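Student: Take this structure first; my questions come after.
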Amino acid sequence: MTSSKLRHSCSFPILLLSCLNFILFILSAASIAPIVFLKTPPTSLGWSFLIVSSISLLSCFIGFYSQLTHCCFITHLSILMASCIGQLLGILALFTKEKSSLLMLKSPRDPREAKVLVRLECGVLMCMFVMQIGVLVVTCAVQSCWVRDYQSVEAEREAWSRKRNQRIAKVQQECMENANKICEMKDKEFDDKIKNKYGQCLKNDFEG
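Numbering-wise (our numbering), the sequence shown opens with residue 790 and increments by one.
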């Protein structure tokens, strides 16, 4: 009940986060292709870009898992930050030092084709960076929504528990009062019987 209420109250941010995560997943998978096409096996720089893509893919999987379980927020946030930093460094390397990057990638392909692939990789990384920032912001918003709603649900639960305890205490008090009344009535009946019995005996003695 609590989980469904949390999902219902944060339904739009969760839906938006799912869409952003899915787009980021596609972009992360697509960013692997240009590096593989440039040179197989990749150079050290190529491996760096593949690691950035892998971290981004990992952040997507953890994001999907976090949405289902409402946990791993700190882990997801840390990987998102690491992925953003890696993507930013990759963009700076390919955008500001294109020639140096081409030399370090050591592609055996035609220079023009290699340049197109490098620019394609740079463009995909830019899109990934924008999506990653979006995922980061929406993830924080969703987490804040979950925490706020969870606190609200906990407050309602505590209020309900307090009312239940008050009802139980009231019922127990009424039971004790009823038990005391019954005991008083029985004591009174017993006293009346004793009085009647001894009164009758005394009367018989006087008559005798």
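The beta-carbon is built from N, C-alpha and C at its ideal position, and this holds for glycine as well.
A quick note: this is a predicted structure, and the numbers were derived from the prediction, not measured.
Looking at the secondary structure, which residues open and close the alpha helix (DSSP H) in which threonine 864 lies?
Tutor: Threonine 864 -> alpha helix (DSSP H) spans 862 to 885.
Student: Beta-carbon separation of glycine 852 and valine 907 under 8 Å?
Tutor: Not in contact: glycine 852 and valine 907 (Cβ atoms no closer than 8 Å).
Student: Beta-carbon separation of leucine 834 and leucine 894 under 8 Å?
Tutor: Cβ atoms of leucine 834 and leucine 894: closer than 8 Å.
Student: Starting from the C-beta of serine 820, find all residues in its chain whose C-beta is less than 6 Å away, skip the five residues before and the five after it, and write them out in chain order.
Tutor: Same-chain partners within the cutoff: Ser842, Val913.
Student: Applying the 10 Å Cβ sphere with the 16-neighbour rule, what's the burial state of alanine 958?
Tutor: Answer is exposed; the Cβ neighbour count stays below 16.
Student: Helix, strand or coil: how does DSSP classify threonine 829 here?
Tutor: In this structure, threonine 829 counts as coil in the three-state DSSP scheme.
Student: Looking at the unbroken alpha helix (DSSP H) that takes in proline 802, where does it start and where does it end?
Tutor: That run of the alpha helix (DSSP H) goes 800 to 819.
Student: For leucine 883 versus glutamate 910, is the C-beta distance shorter than 8 Å?
Tutor: Closer than 8 Å, so yes.
Student: Mark asparagine 969 as exposed unless 16 or more other C-beta atoms lie within 10 angstroms of its C-beta, in which case mark it buried.
Tutor: Answer is exposed; the Cβ neighbour count stays below 16.
Student: Whole angstroms is fine: what's the gap from phenylalanine 918's alpha carbon to alanine 822's?
Tutor: Using only the alpha carbons, I get a separation of about 17 Å.
Student: In three-state terms, what does DSSP make of serine 848?
Tutor: Reduced to three states, the DSSP call for serine 848 is helix.
Student: Does DSSP put proline 897 in a helix, in a strand, or in coil?
Tutor: Coil at proline 897, not helix or strand.
Student: Around the C-beta of glutamine 921, are 16 or more other C-beta atoms found within 10 angstroms, so that it is buried, or is it exposed?
Tutor: With 16 or more Cβ atoms within 10 Å of its Cβ, glutamine 921 is classed as buried.
Student: Between glycine 879 and phenylalanine 838, how many whole angstroms is the CB-CB distance? I'm expecting something under 8 Å.
Tutor: The pair is a contact, with the Cβ atoms about 6 Å apart (cut-off 8 Å).
Student: Using 8 Å as the threshold, is the C-beta distance between serine 855 and leucine 869 below it?
Tutor: Contact: no.
Student: Compute the distance between the beta-carbons of lysine 828 and serine 896, then report whether it is under 8 Å.
Tutor: Yes, Cβ-Cβ distance for lysine 828 and serine 896 is below 8 Å.
Student: Only counting the same chain, and skipping five residues up and downstream in sequence, which positions put a Cβ closer than 8 Å to that of alanine 730?
Tutor: Nothing can be reported for residue 730, as the shown portion of the chain is limited to 790 through 997.
Student: Can you grab the Cα-Cα spacing for the pair leucine 816 / glutamine 940, in whole Å?
Tutor: About 36 Å.
Student: On a Cα-Cα basis, can you pick out the residue from Val927, Cys861, Thr832 that is closest to proline 802?
Tutor: Here the closest residue by C-alpha is Val927.
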